[in-house]
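A.B. asks: FYI, in UniProt numbering the residues of the sequence shown are 1 to 352.
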Amino acid sequence: MPTTEFKYAWLSQMDPVWEPIQAECDARFRIFWDLPPEQYQEAWKSAPLVMPEGTPMDLEVTFTTIPLRDGYEAELKIYRNVERLKAMSGGSYEGEGEKQKSAAAGAPLMLVAHGGGWMMGDHAVEEGVCRYTAKETGAVVVSVNYRLAPKYRFPQGLNDYYDAFKWCKANASTLGINPSMIITCGSSAGGNLAAVLPIMARDQNEGGIIGQLLNSPVLCHPKYFPRDKGYEYNSFQQNKNSSILGEQNMLNCWAEYYPNTGPDVYANPLLVDSVKGLPPALIQISGLDPLRDEEFAYADRLREAGIPVDIEVFPGLPHGFYTFPQLEATTKYFKKSAAWVKKLLASKGWDA
């Protein structure tokens with residue numbers, strides 16, 4: 001089929017702002033992707049954390065560990081806008097410990113799963129989204145350090161994220177959150193977990209999720225993409241040599257996280273039989289991303305079922321462009337995330 005017959009193909013025309021960055025980016029990531037998968041996480045840890053100028057820093061940031069179903073202790077990173085919570089609590093939000101947390105009772109929760117191909121990354125991957133959202137919305141933002149492949153394969157990372165969700169609900173008063181106002185959030189592989197969690201929670205009659213913030217999410221293994229459903233699927237080939245994440249890179253991630261497994265909907269949310277009962281979504285899509293078309297397909301599935309979906313498209317930019325703070329699009333990406341959450345929470349009566 002000629003490119004002109006694909007309605008999303010034009011989104012792969014490179015944005016001129018990426019051209020001066022591309023060569024350096026490709027050289028850096030080529031070295032990275034050539035490493036054995038077991039070394040990805042150590043290599044990732046050596047990369048500096050850089051955020052755009054203007055990223056909110058005046059937040060309370062704390063850490064805690066929680067027990068998961070098998071006894072493993074997972075680390076949570078918790079972001080709070082103290083000034084906003086203090087104002088909403090009549091000034092009683094101060095000091096440390098239980099008094100401080102309980103003063104924020106009723107705050108929404110955004111539960112974050114970081115990106116990194118299920119094999120690398122930590123809280124730092126989502127630092128910008130976490131900080132902008134906590135600052136702009138007053139929500140309590142909790143990032144989950146889930147276990148990584150190849151040592152821990154599907155469904156371990158998902159189970160860790162789900163267990164963190166259950167723990168937050170059970171400890172709502174300690175966290176100072178409303179367990180009926182939870183938004184899942186993640187980018188890339190973390191976006192996969194953030195899309196699957198509402199499905200799993202629905203299937204297990206666990207309420208409380210009111211939204212899903214999906215940034216460049218992985219939604220379906222190309223082997224199982226439903227080509228018979230009429231959804232466009234060109235980007236995996238069109239963007240196979242794209243910066244940061246190409247076709248083979250994504251296939252390698254799938255192979256390490258999800259080897260020799262059939263079309264399980266808890267890894268491939270696009271394949272779920274029914275999206276009924278799932279919450280509203282924001283899906284942010286990069287035009288040069290191999291994952292682009294599966295993201296449009298998932299948006300179509302949700303819309304066809306009457307579920308509100310907002311889409312923000314970044315034409316001509318690759319998967320993970322938001323790791324480059326010098327791009328104006330990076331700040332736009334973070335601000336769009338926060339603005340969407342703020343709007344959603346306002347519709348639920350939360351005045352931020």
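Using N, Cα and C, we set each Cβ at its ideal position, and we do this for glycine too. Remember, predicted model here, so these are calculated numbers, not experimental data.
#1: Name the two residues that bound the continuous beta strand (DSSP E) containing residue 313.
#2: Please classify residue 367 as buried or exposed, where buried requires at least 16 neighbouring CB atoms within 10 angstroms.
#3: Which class does residue 220 belong to by DSSP, given the choice of helix, strand or coil?
#4: For residue 294 and residue 87, I'd like the C-alpha separation in whole angstroms.
#5: Mark residue 77 as exposed unless 16 or more other C-beta atoms lie within 10 angstroms of its C-beta, in which case mark it buried.
#6: Under a three-way DSSP split, which group does residue 51 fall into?
#7: For residue 321, which option in 245, 252, 335 has the closest C-alpha, if you only look at C-alpha atoms?
#8: With respect to the alpha helix (DSSP H) encompassing residue 88, which residues constitute its N-terminal and C-terminal limits?
#9: Between the Cα of residue 303 and those of 23, 280, 290, 285, spot the shortest distance and give me the residue it belongs to.
#10: How close, in whole Å, do the beta carbons of residue 41 and residue 110 come, if the pair is a contact with beta carbons under 8 Å?
#11: Hey, would you say residue 257 sits closer than 9 Å to residue 44, going by beta carbons?
#12: Measuring CA to CA, which of 66, 149, 49 is closest to residue 38?
#13: Write down every uninterrupted run of the beta strand (DSSP E) in the stretch 151-223 whose length is 3 residues or greater and which is fully enclosed by it, in chain order.
#14: What first and last residue would you give for the alpha helix (DSSP H) that runs through residue 20?
#15: Name the DSSP bridge partner or partners of residue 357?
#16: Under 8 Å, with one C-beta from each stretch per pair, do the stretch 247-262 and the stretch 295-314 reach the 3-pair mark?
#17: Can you name the start and end residues of the alpha helix (DSSP H) that residue 242 belongs to?
#18: Along the beta strand (DSSP E) that carries residue 113, what are the first and last residues, could you check?
#19: Check the DSSP bridge columns for residue 284 and list the partner residues they point to.
#20: Does the distance from the C-beta atom of residue 139 to that of residue 172 stay below 9 Å?
#21: Spatial neighbours of residue 305 within its chain, please: CB distance less than 7 Å, with the 5 preceding and 5 following residues excluded, ordered by chain position.
#22: Nearest by alpha-carbon distance to residue 319: which of 8, 185, 12 is it?
#23: Tell me whether the stretch 214-230 and the stretch 182-197 touch, counting them as touching only if at least three CB pairs, one residue from each stretch, are closer than 8 Å.
#24: Ends of the alpha helix (DSSP H) at residue 343?
#25: When the Cα atoms are used, what is the spatial distance from residue 346 to residue 22?
#26: Taking 9 Å as the cut-off, decide whether the C-beta atoms of residue 58 and residue 314 are in contact.
#27: Could you check whether the stretch 204-212 touches the stretch 229-247, counting it as contact only if at least three pairs of C-beta atoms, one from each stretch, sit closer than 8 Å?
#28: Identify the continuous alpha helix (DSSP H) that holds residue 249 and give its terminal residues.
C.D. replies: Looking at the coordinates:
#1: 309-314
#2: No statement about residue 367 is possible, as the shown extent of the chain runs from 1 to 352 and does not include it.
#3: Of the three classes helix, strand and coil, the one that applies to residue 220 here is coil, per DSSP.
#4: C-alpha separation (whole angstroms): 42 Å.
#5: buried
#6: coil
#7: 245
#8: 82-88
#9: 280
#10: Contact flag wrong, Cβ pair sits at about 24 Å.
#11: Pairing residue 257 with residue 44 gives a Cβ-Cβ distance that is not under 9 Å.
#12: 149
#13: 177-187, 209-215
#14: 19-33
#15: Nothing can be reported for residue 357: it is not among the residues displayed for the chain, which extend from 1 to 352.
#16: no
#17: Secondary structure note for residue 242: it is in no alpha helix (DSSP H), with a DSSP letter that is neither H nor E.
#18: 107-113
#19: 215, 312
#20: no
#21: 275, 276
#22: 12
#23: A contact exists between the stretch 214-230 and the stretch 182-197.
#24: 328-347
#25: 39 Å
#26: no
#27: no
#28: 247-257
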